[in-house]
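See structure below.
Number of protein chains: 2
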Amino acid sequence: MGNILLKNIVCKGAVSDIYIEGNRISKVVPAGTSISDGYEWEVTDCSGKTVMPGFVNMHTHAAMSMMRGVGEDIAFHDWIDRIWDVESKIDEEYVYQATKVACLEMIKTGTTTFNDHYWHMPMAHKAAIEMGLRPVLAYVICDRNDPEESERQKVECRQMYEEAMTWNDRSVFAIAIHAIYSVREEMIVWASRFAREHGLKVHIHVSETQKEIKDCMEQHNGMSPVEYLDSLGVLGPDVIAAHTLWLSDNDVRILGERGVTCVHNVNSNLKLASGYMFRYNELRDAGANICLGTDGCASSNNLDMLETMKTSAMIQKAWREDPSAMPLDELVAMATANAGKALGLEIGKIEEDALADLLIIDTQNYNFLSPGSFEANLVYSAHSDCIDSVICDGEFVMRERVVPGEKEILAQAQKVLNKII
Amino acid sequence: MGNILLKNIVCKGAVSDIYIEGNRISKVVPAGTSISDGYEWEVTDCSGKTVMPGFVNMHTHAAMSMMRGVGEDIAFHDWIDRIWDVESKIDEEYVYQATKVACLEMIKTGTTTFNDHYWHMPMAHKAAIEMGLRPVLAYVICDRNDPEESERQKVECRQMYEEAMTWNDRSVFAIAIHAIYSVREEMIVWASRFAREHGLKVHIHVSETQKEIKDCMEQHNGMSPVEYLDSLGVLGPDVIAAHTLWLSDNDVRILGERGVTCVHNVNSNLKLASGYMFRYNELRDAGANICLGTDGCASSNNLDMLETMKTSAMIQKAWREDPSAMPLDELVAMATANAGKALGLEIGKIEEDALADLLIIDTQNYNFLSPGSFEANLVYSAHSDCIDSVICDGEFVMRERVVPGEKEILAQAQKVLNKII
C-alpha cells in the first residue's frame with residue numbers, strides 16, 4: 001500500500017484532492033490545497049472524474065460465476081436440477097478459478113466488498129485476496145436435516161474459524177445458515193450461538209419464495225420463517241437476511257425491532273419469478289437496515305450492482321405506482337453506507353479515517369451530459385463501463401478499465417470449465 | 001460503401017465469412033470458403049466474435065438525450081412541468097446536437113435503426129444521416145385540440161412529405177399522431193388517411209396510462225383508446241402503437257386482428273410508474289406484432305436496447321410468476337426481426353440480400369464464459385460494452401468501440417445545453 005493522492009476529483013459536488021495513507025483515507029481537501037507532510041505521494045490526476053464509495057454486494061455466491069445461462073426460460077425445478085448437475089462436478093480448483101472470475105467482474109463493475117455464501121471457502125478466500133478485494137466469507141451450515149452431517153459441520157466450522165483467525169486483516173469470517181428448510185433447528189440455534197460467542201455475522205436466506213412460507217407455517221405451528229427464527233432467538237443486528245421478499249406486517253415489525261439487515265436481490269427474484277413486491281418502505285420505516293445484493297450468476301446472471309440499483313428502484317416505483325419510491329439517496333446508501341453499518345466496517349463512505357474503497361467514475365460521456373445529478377445519471381443512465389478505476393483497501397485494483405492479469409484469469413477459468421461441460 | 005468481408009465470425013452458431021457488397025449482405029459462407037469474384041474486399045478478422053442484427057429502437061424521442069435526470073423521484077405532474085420548462089427553450093440547433101448525442105449513444109449500444117417522434121424533424125434527419133444510422137422520422141401531428149393549429153400542421157405535414165421525398169434512401173418518413181388526447185378526431189382521421197394515401201407508417205402513443213383509458217371512456221361513449229381508434233378506421237398493419245400497456249381483452253383482440261405493431265417501453269413504464277403488466281403473451285397469441293423501444297431519455301434515461309430486452313423479460317417472468325415467460329428467441333426477435341416486419345425493411349436478420357445492419361459482439365470476456373447460449377449471456381449477463389463494432393447500411397459506424405468524432409459531438413452538445421440551463 002502506497003500513499004495515493006487523487007487530484008482534482010469531484011467529491012460530494014466539490015473539486016477535491018483526496019489523500020490515501022496505507023489503506024485509509026487521510027484527508028479530503030479542496031483541490032490545490034497545499035499540504036506539507038514530507039510524504040511521497042503517487043499522484044493520479046482525476047480531472048473530469050467523480051469519486052464515490054465502492055459498492056458492497058451483500059448477498060452473492062461468487063463461484064457460480066461460470067453458471068450464468070445454464071438454465072434459461074425453464075421452470076424453477078428444472079433450473080435447480082441443472083444447477084445441481086453442474087455443482088456435483090465442481091471441486092476446490094473450480095471454486096478458486098470461478099471466484100477469480102467473479103472478482104474480476106466485481107472489480108469491473110465497481111464492487112469492492114462482497115458477502116459470499118458458498119462451498120470451499122478457503123479457495124474463495126485465496127482468490128479474493130489475490131484479486132485485492134475485501135471479502136466476507138461464511139462457513140455454510142447446511143446439514144439437509146441429517147444429524148451426522150450437523151456434527152461434521154460443527155467440527156469443520158470450528159476449524160474454519162481457527163483458520164480464519166490467521167487471515168489477512170482485510171477478510172471477514174462469518175457464519176452462514178443456509179435456510180430454515182435445509183438446516184435442523186438444533187443446528188440453527190448452535191450456529192447462531194457460535195456466531196454470537198465469536199462476534200461473527202450470520203448470513204441466511206429468509207422468506208425467498210411463497211413455498212418457503214407455506215412449508216414453514218405447516219411445520220412450525222403457523223409461524224412464518226421470520227417468526228420461527230425469532231422464536232429461536234436468532235434475529236438481531238448481527239443477522240444479514242437475504243431476500244426477505246414475502247413478509248407479513250408482523251414479519252416487518254420483527255425485522256425492524258431486531259435491527260436485522262435485509263438484503264434485496266431484485267434480479268434473482270424477478271428472473272426466477274420468486275416475486276417483486278419487496279416491502280422496502282415498510283422495512284425502512286420499521287427500522288430494518290436495507291442493503292442490495294446480486295445473488296449468484298446462476299440466478300441473476302451477473303454481479304453488477306449498478307444494474308441492481310436501477311432495477312430495484314424501477315420495480316418499487318412501478319408496483320407502488322409512485323415515481324418517488326426508493327429515491328436516489330437511499331438507493332446509493334443501500335449499495336454503500338448501509339452495508340458498512342451491517343458489517344461493522346468503515347466502508348461505504350468517503351471521510352477521513354474511513355477505509356479507502358473507492359470508485360473513480362468517468363463523467364466525460366453522454367450518460368452524464370445533462371442537467372441531472374451525478375447520482376441520477378450514474379444509476380439510471382450509465383452502465384458499469386463508466387467506472388474508470390477502482391481502489392480497494394488503499395490499492396488500485398483497476399486503472400482505466402484494466403485489471404492486471406485479466407486474460408490469464410479467463411484462460412485458467414476456461415480450463416476448469418471445460419472439465420465439467 | 002465499400003465491399004466488406006467479416007472473416008471467421010460466429011453467425012448462428014457457425015464460424016463464417018460474411019460478405020457485404022454496398023449496403024447489403026451478399027454472402028454468408030463457412031469460414032475459409034474460397035470465393036473468386038474479382039472484387040477487392042476490406043477484410044476484418046472477427047475471430048472470437050459473434051455477429052447479430054443491429055437493434056431497432058421502435059419508439060424513442062431522440063432529441064431528449066440531454067434531458068436525462070431532469071426530474072427524478074418526483075410525481076408525474078412535477079416531472080412533466082420540468083420537461084416542458086426545458087422544451088420551451090429548445091430550438092433547431094438543440095435538436096440537431098441532441099440527436100447527434102442520441103445517435104452516438106445508439107451506436108455504442110448497438111441500435112442501427114430508430115423510430116423517432118420529435119419536433120424539428122429535418123434537424124434530426126441531418127444528425128442521423130451524418131452519424132450513419134437508419135432513421136425513421138415522423139412528422140408529429142399534435143394540435144392540442146386547436147382547429148387553427150390542425151390546419152397549419154396539415155400544410156406543414158405536406159411540405160415535410162415533399163421534402164422527405166428528396167431524402168437519402170436510408171431514411172424513412174412516417175406520420176406521428178401524438179395521442180388521442182392531444183389531437184382532434186378530425187385530424188386523427190386526416191393524418192391516418194394521409195399516411196395510407198402515401199404508403200407511410202403511423203406512429204402513435206396508445207393506452208400508456210390508466211388516466212388515458214379513463215378519460216377516453218368518459219369522452220367516447222365508454223370506448224377504450226384502442227376501440228376509439230378502431231372506430232375511426234385508424235388501426236391496421238401500418239400502425240406502430242407505442243406503449244399499449246393498459247389493454248382489455250377486447251383491445252388485445254382488436255390489436256391482433258388488425259395486425260398492429262405494439263411497442264413495449266418497459267423502462268419508461270416502470271420509471272414513471274405507468275404500469276408493468278404488459279400483456280405480451282396475449283398480444284402475441286392474438287396476432288399482434290410486438291417490438292421494443294426505450295422511449296426518450298427524459299423518462300427512461302438511456303437508449304440501451306440490451307437493457308430494455310433484459311428488463312422486459314425479467315418483469316414478464318415476475319408478474320406472471322413464470323420463469324419461462326418471454327423466452328430469449330422471442331425477445332431477440334422483438335428487438336430485431338419483428339421491427340423489420342413492422343417497418344417493411346429488410347433489416348433485423350442475417351441472410352443474403354438483407355440490408356447490412358450488423359453488430360459484432362466480443363465474446364472473449366467473463367460475460368460469455370459459461371455453458372449458456374450466446375443469447376442468454378448477451379441479454380442477461382452482458383452490457384452494451386460487449387458490442388465491439390457496428391455496421392449500418394454497409395458501413396462501419398463504430399470500430400472497436402470508437403465512433404469517429406465522439407469528443408467533438410459531446411463538446412458541441414455541451415454548448416447548446418449550456419444555453420438552456
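Protein chains in written order, with our numbering: chain A, 1 to 421; chain B, 1 to 421.
For every residue, glycine included, the Cβ atom is placed at its ideal position computed from N, Cα and C.
Exposure of residue i, with buried meaning 16 or more beta-carbon neighbours within 10 Å
i      : result
B:H120 : buried
B:M165 : exposed
B:W411 : Sequence inspection shows Ala at residue 411 of chain B; the Trp mentioned does not correspond to that position. Looking at its Cβ environment, which holds fewer than 16 other Cβ atoms inside 10 Å, B:A411 is exposed.
B:E400 : exposed
A:L344 : As written in the sequence, residue 344 of chain A is Gly, which differs from the Leu given in the question. With fewer than 16 Cβ atoms within 10 Å of its Cβ, A:G344 is classed as exposed.
A:R152 : exposed
B:N418 : exposed
A:V10  : buried
A:V155 : exposed
B:S224 : buried
B:H198 : exposed
B:I360 : buried
A:D45  : exposed
A:G340 : buried
Residue i - containing beta strand (DSSP E), residue span
i      : result
A:A382 : A:A382 -> no beta strand (DSSP E), and no H or E assigned at all.
A:L359 : 358–362
B:D17  : 14–21
A:S26  : 24–30
A:D45  : 42–45
B:N365 : Careful: B:N365 lies outside any beta strand (DSSP E) and carries neither H nor E.
A:I141 : 134–141
Beta-carbon proximity of residue i to residue j, cut-off 8 Å
i      : j      : result
A:A124 : A:A62  : yes
A:I420 : A:K89  : yes
B:M131 : B:V397 : yes
A:R24  : A:A354 : yes
B:P30  : B:S47  : no
B:V172 : B:V136 : yes
A:I387 : A:T109 : yes
A:G323 : B:F76  : Before going on, a small fix: residue 323 of chain A reads as Pro here, not Gly. Contact: yes.
B:T261 : B:V239 : yes
A:I409 : A:K214 : no
B:M106 : B:C297 : no
B:D295 : B:N265 : yes
B:I4   : B:E40  : no
A:C142 : A:S182 : yes
A:K310 : A:Y366 : no
B:D392 : B:L133 : First, the amino acid is wrong: residue 392 of chain B is Cys here, not Asp. Yes, the Cβ-Cβ distance between B:C392 and B:L133 is below 8 Å.
B:D251 : B:V226 : yes
B:Y96  : B:A127 : yes
B:D362 : B:K7   : no
Continuous alpha helix (DSSP H) stretch holding residue i: start and end
i      : result
A:D329 : 328–335
B:T308 : 305–319
A:S300 : 297–300
B:A127 : 121–131
A:S268 : 266–271
B:K407 : 406–420
A:Y280 : 280–286
Any non-hydrogen atom of the ligand GDP within 7 Å of residue i CB
i      : result
A:E186 : Absence of the ligand GDP from the depicted structure is noted, as is the absence of any ligand whatsoever, leaving it without description.
Chain D residues whose Cβ lies nearer than 9 Å to that of residue i
i     : result
B:G22 : Structure shown: chain D not included; protein chains present are A and B.
Cβ pair count under 8 Å reaching 3, the stretch 239–259 of chain A against the stretch 271–290 of chain A: As far as the Cβ criterion goes, the stretch 239–259 of chain A touches the stretch 271–290 of chain A, which means the pair count is three or higher.
With a cut-off of 8 Å, do at least 3 Cβ pairs link the stretch 50–64 of chain B to the stretch 340–358 of chain B? Short answer: they touch.
Pair every Cβ in the stretch 202–218 of chain B with every Cβ in the stretch 175–189 of chain B, then say whether three or more of these pairs are closer than 8 Å. Touching, yes, given that three or more Cβ pairs across the two stretches are closer than 8 Å.
Closer than 8 Å is the cut-off here; do at least three beta carbon pairs connect the stretch 19–35 of chain B with the stretch 257–269 of chain B? The stretch 19–35 of chain B makes no contact with the stretch 257–269 of chain B: fewer than 3 CB pairs, one atom from each, lie closer than 8 Å.
Do the stretch 65–84 of chain A and the stretch 370–378 of chain B meet, that is, are 3 or more Cβ pairs less than 8 Å apart? Remark: three or more beta-carbon pairs, one from each stretch, lie closer than 8 Å, so the stretch 65–84 of chain A and the stretch 370–378 of chain B are flagged as touching.
Completely contained beta strand (DSSP E) runs for the stretch 178–261 of chain A, where each covers 3 or more residues: Qualifying beta strand (DSSP E) stretches, in chain order: 202–206, 239–243.
4 or more residues per run - each alpha helix (DSSP H) lying fully within the stretch 59–112 of chain A: The stretch 59–112 of chain A contains these whole alpha helix (DSSP H) runs: 76–87, 92–108.
Validate contact between the stretch 78–93 of chain A and the stretch 273–282 of chain A using beta carbons, cut 8 Å, 3 pairs: With the cut-off at 8 Å, the stretch 78–93 of chain A and the stretch 273–282 of chain A do not touch.
Which full runs of the beta strand (DSSP E) of 3+ residues lie inside the stretch 147–177 of chain B, going along the chain? Runs found: 172–177.
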